[in-house]
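Encoded as structure tokens, the structure appears first; notes follow it.
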Amino acid sequence: MSGATSDAPRRLAELEFNHPMISAFLDLDPGRFATGSARTTEINSLLDQAQQRLHAQPLDHRDRVSLGQDLQRVGSYLTTELDASGTHGVAVYCSGREALFEAIRLPHQVASDLVIEPIPVLEPLLPAPVPARVCVTLINRRDARFFIPADESGLAEQAFAQQDEHDRVRGQHRQGGRSEANYERSIEADVDAHLRRAAEQLFRLVRLHRCDRLVLGGPHEVVIRFINQLHPELRAIVDERELALDVGTSSVVEVMDALSPLQKRWHEMAQWQALQQLLSGLEGRQGIATGISETLAALGRRQVASLVLGPHMDAEGSVCPRCEQLYTAEHAGGCEADGSELQQLHGLRSAMIRSAIRQDADVVVLQDFADRPEIAAVAGVGAILRY
Ligand SMILES: [Zn+2]
Numbered sequence: 039m040s041g042a043t044s045d046a047p048r049r050l051a052e053l054e055f056n057h058p059m060i061s062a063f064l065d066l067d068p069g070r071f072a073t074g075s076a077r078t079t080e081i082n083s084l085l086d087q088a089q090q091r092l093h094a095q096p097l098d099h100r101d102r103v104s105l106g107q108d109l110q111r112v113g114s115y116l117t118t119e120l121d122a123s124g125t126h127g128v129a130v131y132c133s134g135r136e137a138l139f140e141a142i143r144l145p146h147q148v149a150s151d152l153v154i155e156p157i158p159v160l161e162p163l164l165p166a167p168v169p170a171r172v173c174v175t176l177i178n179r180r181d182a183r184f185f186i187p188a189d190e191s192g193l194a195e196q197a198f199a200q201q202d203e204h205d206r207v208r209g210q211h212r213q214g215g216r217s218e219a220n221y222e223r224s225i226e227a228d229v230d231a232h233l234r235r236a237a238e239q240l241f242r243l244v245r246l247h248r249c250d251r252l253v254l255g256g257p258h259e260v261v262i263r264f265i266n267q268l269h270p271e272l273r274a275i276v277d278e279r280e281l282a283l284d285v286g287t288s289s290v291v292e293v294m295d296a297l298s299p300l301q302k303r304w305h306e307m308a309q310w311q312a313l314q315q316l317l318s319g320l321e322g323r324q325g326i327a328t329g330i331s332e333t334l335a336a337l338g339r340r341q342v343a344s345l346v347l348g349p350h351m352d353a354e355g356s357v358c359p360r361c362e363q364l365y366t367a368e369h370a371g372g373c374e375a376d377g378s379e380l381q382q383l384h385g386l387r388s389a390m391i392r393s394a395i396r397q398d399a400d401v402v403v404l405q406d407f408a409d410r411p412e413i414a415a416v417a418g419v420g421a422i423l424r425y
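Letter by letter, the sequence shown follows residues 39 to 425 in the working numbering.
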């Protein structure tokens, strides 16, 4: 089983499926499914519902037989093979006819669901909230600690390259012989030298690990002095909020916990900004598509930089099997580009998300603004276009 690394959605989006396949998701929230029996009940109800849907769906005989076997395979994986420890959810993609079986651990919770469609449901694999790559630095007068992005949206500590003994911030053990004022000045100069060294190492780390946000913590007056020492590129990505953490004793887990309210806020801000951009399109601004027809057309032109979706937006439609242009259910006849007969889709949402991933667009789900009238104003979906 692989982790939810950034290449999984892209890889699955690129696969061409000529047959219906299974996308299955299982909620492994320890609060709700702590016991094996609770989880088994959940899995059984998921499989029962899928069986019923399979019976109801118009399918050719080979697809029906093959999907029945796929359901058994997914069921047996979830009940007997899955190691659920340390994961919040799992996604399974399966199609015997396409020789595909892939299980992916999710670092976040997912609603249990099982979908049978020719297009995989990739939404639960979408990457963590922007900014994606955050570096945390804890700094005080004598020490610095760096936390850089690691696998599965975690952080790893990077050691501070300590200064030479000669350059060490001088403490009480220092020899006398100078005036008190000189001594104080010399101490402060040493602190500045320490902050400058930390700033230089941080600059290298941020570049190396391509961080797009910097969060600082430590005594406020030291953080302010440290910001003054930072390269302008770094100053531009410093978050206005500081972490109230002890520089000496905080663990990686404590740093990640302190970061999570900030991540929630960034996520909301990114959604809000995307929504405001869409609304500007209603006032005649260029570079925006709103509503499903305009959005499908923009996806077809591969012009989408960000696909923006209400959390519940979906519609029936169709896809051209040759050029992959998507159409609403209102569209009559074949593909406008090549005349091919269209393939019916129950859910355009998954197809739009796959199309966005294929053109390297961001997908912004407005999950924190589900009930806002602004989403209805843009008919639940839109796109911010490339220039
Ligand atoms: Zn076509």
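Heads up, the beta-carbon is just placed ideally off N, CA and C, and yes, glycines get one too.
Here the structure is a predicted model, which is why all the values come from computation and not from measurement.
Cβ separation of residue i and residue j, assumed to be a contact under 8 Å, to the nearest whole Å
i: residue 243; j: residue 358; result: Between residue 358 and residue 243 the Cβ distance is about 47 Å, and since that is not below 8 Å, they are no contact.
i: residue 247; j: residue 186; result: 5 Å
i: residue 127; j: residue 95; result: Incorrect: roughly 25 Å between the Cβ atoms, too far for contact.
i: residue 395; j: residue 160; result: 6 Å
i: residue 408; j: residue 349; result: 5 Å
i: residue 352; j: residue 386; result: 7 Å
i: residue 175; j: residue 297; result: With 8 Å as the limit, residue 175 and residue 297 do not qualify as a contact, their Cβ atoms being about 12 Å apart.
i: residue 417; j: residue 345; result: Not really, about 14 Å apart at Cβ, beyond 8 Å.
i: residue 276; j: residue 300; result: Not confirmed; about 12 Å, so no contact.
i: residue 303; j: residue 250; result: That belief does not hold up - the Cβ atoms of residue 303 and residue 250 are roughly 15 Å apart, past 8 Å.
i: residue 401; j: residue 391; result: 6 Å
i: residue 293; j: residue 423; result: With 8 Å as the limit, residue 293 and residue 423 do not qualify as a contact, their Cβ atoms being about 38 Å apart.
Proximity test, residue i beta-carbon vs ligand 1 heavy atom, cut-off 7 Å
i: residue 94; result: no
i: residue 360; result: yes
i: residue 376; result: yes
i: residue 363; result: yes
i: residue 249; result: no
i: residue 373; result: yes
Beta-bridge pairing of residue i - partner residues as DSSP gives them
i: residue 411; result: Its beta-bridge partners do not exist; DSSP assigns none.
i: residue 195; result: 185
i: residue 59; result: 155
i: residue 401; result: 345
i: residue 365; result: 356
i: residue 175; result: 184 and 254
i: residue 420; result: 328 and 346
i: residue 64; result: 128
i: residue 337; result: For residue 337, which the question treats as bridged, DSSP gives no partner whatsoever.
i: residue 381; result: 357
i: residue 316; result: According to DSSP, which records beta bridges pairwise, residue 316 is partnered with nothing at all.
i: residue 144; result: 127
i: residue 281; result: 255
Query - Contained alpha helix (DSSP H) runs [length at least 4] in the segment 77 to 142, N- to C-terminal order - result: Every alpha helix (DSSP H) of 4 residues or more that sits fully in the segment 77 to 142 is shown, in chain order, as 99 to 114.
Report task. Pick out the complete beta strand (DSSP E) segments inside the segment 230 to 276, 3 residues or longer, and give them in chain order. Result -> Counting only runs of 3 or more, we get 251 to 255.
**Report entry** Three or more C-beta pairs below 8 Å linking the segment 59 to 73 and the segment 104 to 119
**Finding:** Yes, they touch.
**Report entry** At least three beta-carbon pairs within less than 8 Å, the segment 223 to 242 to the segment 149 to 163
**Finding:** With fewer than three CB-CB distances shorter than 8 Å, the segment 223 to 242 does not count as touching the segment 149 to 163.
**Report entry** Touch test, the segment 318 to 327 against the segment 375 to 388, Cβ-Cβ under 8 Å, three pairs minimum
**Finding:** In short, these stretches do not touch, since the Cβ pair count stays below three.
Query raised in the report: Should the segment 219 to 231 be called in touch with the segment 280 to 291, which here means at least 3 C-beta pairs below 8 Å?
Result: The answer is no - the segment 280 to 291 does not touch the segment 219 to 231, with fewer than three Cβ pairs under 8 Å.
Report task. Please determine if the segment 130 to 149 and the segment 72 to 80 are in contact, where contact requires at least 3 C-beta pairs separated by less than 8 Å. Result -> Not touching, per the Cβ criterion.
Requested in this report: Count the CB pairs spanning the segment 311 to 321 and the segment 286 to 300 that are closer than 8 Å, and state whether there are at least three.
Outcome: Too few Cβ pairs lie closer than 8 Å, so no.
Report task. Evaluate the contact criterion for the segment 74 to 83 versus the segment 129 to 137: three or more CB pairs, one atom per stretch, below 8 Å. Result -> Taking 8 Å as the limit for Cβ pairs, the verdict is that the segment 129 to 137 does not touch the segment 74 to 83.
Report task. Examine the Cβ distances between the segment 331 to 340 and the segment 357 to 377 and report whether three or more of them are shorter than 8 Å. Result -> Verdict: yes, contact present.
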